[in-house]
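Asks:
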Amino acid sequence: MTTPRLIIRIQPEPFDAAAEIEALSRMGDDVGAVTSFTGYCRSEGGRLAALELEHYPGMAEEEIASVVVEASTRWSLLGATVIHRHGKMVPGDGIVLVATASSHRTASFDAAHFIMDYLKTRAPFWKKEHRADGTSGDWVEAKAVDDALAERWKA
Amino acid sequence: MWSISMREIKLVYFAWVRERVGLSEERVSVPDEVLTVADLAGWLQTRGEEYAYAFENPAIVRAALDRKHVKPDALIAGASEIAFFPPMTGG
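Same order as they appear, the protein sequences are chains A and P.
According to the working numbering, the first sequence holds residues 1 to 155 in order.
According to the working numbering, the second sequence holds residues 1001 to 1091 in order.
(1) Which runs of the alpha helix (DSSP H) at least 4 residues long sit entirely within the segment 33 to 108 of chain A? Give them in chain order.
(2) If we ignore side chains and look at the alpha-carbon of each, how far apart do P1031(P) and T106(A) end up?
(3) Looking at the C-beta of A1063(P), does it have a partner C-beta in chain A at a distance below 7 angstroms?
(4) Can you list, in chain order, the residues of its chain whose CB lies under 7 angstroms from that of A1052(P), leaving out five sequence neighbours each side?
(5) With 8 angstroms as the limit, tell me which residues of the segment 116 to 127 of chain A have their beta carbon closer than that to any beta carbon of chain P; keep them in chain order.
(6) Span of the beta strand (DSSP E) holding S1029(P)?
(7) Can you give me, in chain order, the residues of the segment 1007 to 1021 of chain P that have a beta carbon less than 9 angstroms from any beta carbon in chain A?
(8) Taking contact to mean at least 3 C-beta pairs separated by less than 8 angstroms, is the segment 139 to 152 of chain A in contact with the segment 69 to 82 of chain A?
(9) Please classify L1075(P) as buried or exposed, where buried requires at least 16 neighbouring CB atoms within 10 angstroms.
(10) For G137(A), name the three-state secondary structure that DSSP assigns.
(11) Residues of the segment 31 to 57 of chain A with a CB closer than 8 angstroms to any CB of chain P: list them in chain order, please.
(12) Suppose you measure from the CA of I10(A) to the CA of G94(A); what does that come to, to the nearest Å?
(13) By the three-class DSSP mapping on this structure, what secondary structure does A1063(P) have?
(14) Can you tell me whether G1091(P) is buried or exposed, with buried defined as 16 or more other CB within 10 angstroms of its CB?
(15) For P1072(P), which residues in the same chain have their Cβ closer than 6 angstroms to its Cβ, ignoring the five residues on either side in sequence?
(16) Per DSSP, which residues does V1070(P) bridge with? Please list them.
(17) Using a Cβ-Cβ cut-off of less than 8 angstroms, list which residues of the segment 1070 to 1088 of chain P approach chain A; keep chain order.
(18) Can you tell me whether L1035(P) is helix, strand or coil according to DSSP?
(19) Helix, strand or coil for M1006(P) per DSSP?
(20) By how many angstroms is the C-alpha of M1006(P) removed from the C-alpha of H113(A)?
(21) Give the secondary structure of R122(A) by DSSP, where H, G and I count as helix, E and B as strand, and everything else as coil.
(22) Buried or exposed: which applies to D16(A), given that a residue is buried once 16 or more other Cβ atoms fall within 10 Å of its Cβ?
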C-alpha cells in the first residue's frame, strides 16, 4: 500500500474548497472517489455577525495530524486534505475543509466522516460569538452530541 | 531543617479560561506537593479571584501537557508547558 498524501493547514486565510478537491482528484490515476466536507460560519437566524476562532498553535496541527494519520490506518486512503481556519469569520465563510481521496467510495466517505467527528472533539479550537447587535457574545458551548458522535467510531 | 521546593512551569490559557484568568500565558513556581493536573487546578484556584472564577468548575476545564490531551489525574512531573482550556468547539 502506498503512503497517502496528507495535507494539513491551519491558517487565517480563506480556502478554495473547489481547488483543493480538484488537486486531490488529480493526484493519481487510482483516485476513484473524493469526499469533501466544508463547515461554514452561520448567522443563527441573523443573531450573529461573526465568529472568532481561537486555537492552540502547534497542538492544533498535531491533533489534526494524528486524527488524519489514524484515519489513514483504518481506511485505504490515497490522500487527505484538512484545512482549519482561525481568526474572525462572517456568515458564509468556510471554517473547515476535510477532503479525502481513495480508490473506492466507502473509504473516502467513512474517513472524511471520522476525521470531522474526531476533529470536533480533539482539535484545540474555540469559537466566540460576535452578535449582530454589536455586543460581544458568548463562547460557543461544546455539545455532548459531538462527544457521542466521536465515540461511535470506537466500536 | 526544612525547605519549600518549587518548580517553574509555563502555563497557557485559552478561550474563557484565558479571559477569566486575564492572561494568555505565565510562568509559575509550583510547590512540590502539586503532583497532578487536578492538584494544579486546585492550587491555581487559591491564587486569586480571577483564578477562582476560571477554575470554579474544574470538572469542565480541560488540560494538555506539552500539547497532548490529558485527564485530571495525569502527573505533571517533567512537563514544560501545561495548557488549560474549555471543551473544544472547532470544526
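By construction, the Cβ of each residue, glycine as well, lies at the ideal position given by its N, Cα and C atoms.
Replies: The relevant details are as follows:
(1) Counting whole runs of 4 or more residues, the segment 33 to 108 of chain A contains the alpha helix (DSSP H) stretches 59 to 74.
(2) As a working note, residue 1031(P) is residue 31 in the second sequence. As a working note, residue 106(A) is residue 106 in the first sequence. P1031(P) and T106(A) have their C-alpha atoms roughly 53 angstroms apart.
(3) Stepping through the second sequence from its first residue, residue 1063(P) is reached at position 63. With 7 angstroms as the cut-off, A1063(P) does not count as an interface residue toward chain A.
(4) Indexing the second sequence from 1 puts residue 1052(P) at position 52. So the list reads Q1045, once near-sequence residues are dropped.
(5) Answer set for the segment 116 to 127 of chain A: M116, L119, K120, T121, R122, A123, P124, F125, W126 and K127.
(6) Position 29 of the second sequence, counted from the first residue, corresponds to residue 1029(P). Unbroken beta strand (DSSP E) run through S1029(P): E1025 to P1031.
(7) Within the segment 1007 to 1021 of chain P, the residues whose Cβ lies closer than 9 angstroms to some Cβ of chain A are V1012, F1014, A1015, W1016, R1018 and E1019, listed in chain order.
(8) No contact exists between the segment 139 to 152 of chain A and the segment 69 to 82 of chain A.
(9) Taking the second sequence and counting its residues from 1, one reaches residue 1075(P) at position 75. Sixteen is the threshold: since fewer than 16 other Cβ atoms of the shown chains lie within 10 Å of the Cβ of L1075(P), the residue is exposed.
(10) Mapped onto the first sequence, residue 137(A) falls at position 137. Correct three-state label for G137(A): strand.
(11) Within the segment 31 to 57 of chain A, the qualifying residues are G39, L53, E54, H55 and Y56.
(12) On the first sequence, position 10 is the one that residue 10(A) refers to. On the first sequence, position 94 is the one that residue 94(A) refers to. Near 13 angstroms, if we compare the C-alpha coordinates of G94(A) and I10(A).
(13) Here the question's residue 1063(P) lines up with position 63 in the second sequence. Strand.
(14) Taking the second sequence and counting its residues from 1, one reaches residue 1091(P) at position 91. Buried, since its Cβ has 16 or more Cβ neighbours within 10 Å.
(15) To locate residue 1072(P), count along the second sequence from 1; it is residue 72. Counting only Cβ-Cβ distances below 6 angstroms, and skipping sequence neighbours, we find V1037 and A1038.
(16) Indexing the second sequence from 1 puts residue 1070(P) at position 70. DSSP lists A1063(P) as partners of V1070(P).
(17) So the list reads A1083, F1085, P1086, P1087 and M1088, given in the order they occur along the chain.
(18) On the second sequence, residue 1035(P) is found 35 positions in, with the first residue counted as 1. Reduced to three states, the DSSP call for L1035(P) is coil.
(19) Reading the second sequence from its first residue, position 6 is the one you call residue 1006(P). It is a strand residue.
(20) As a working mapping, residue 113(A) is identified with position 113 in the first sequence. As a working mapping, residue 1006(P) is identified with position 6 in the second sequence. Answer to the nearest angstrom: the Cα atoms are 46 angstroms apart.
(21) Taking the first residue of the first sequence as 1, we reach residue 122(A) at position 122. R122(A) falls in the helix class under three-state DSSP.
(22) If you number the first sequence from 1, residue 16(A) lands on position 16. D16(A) comes out exposed.
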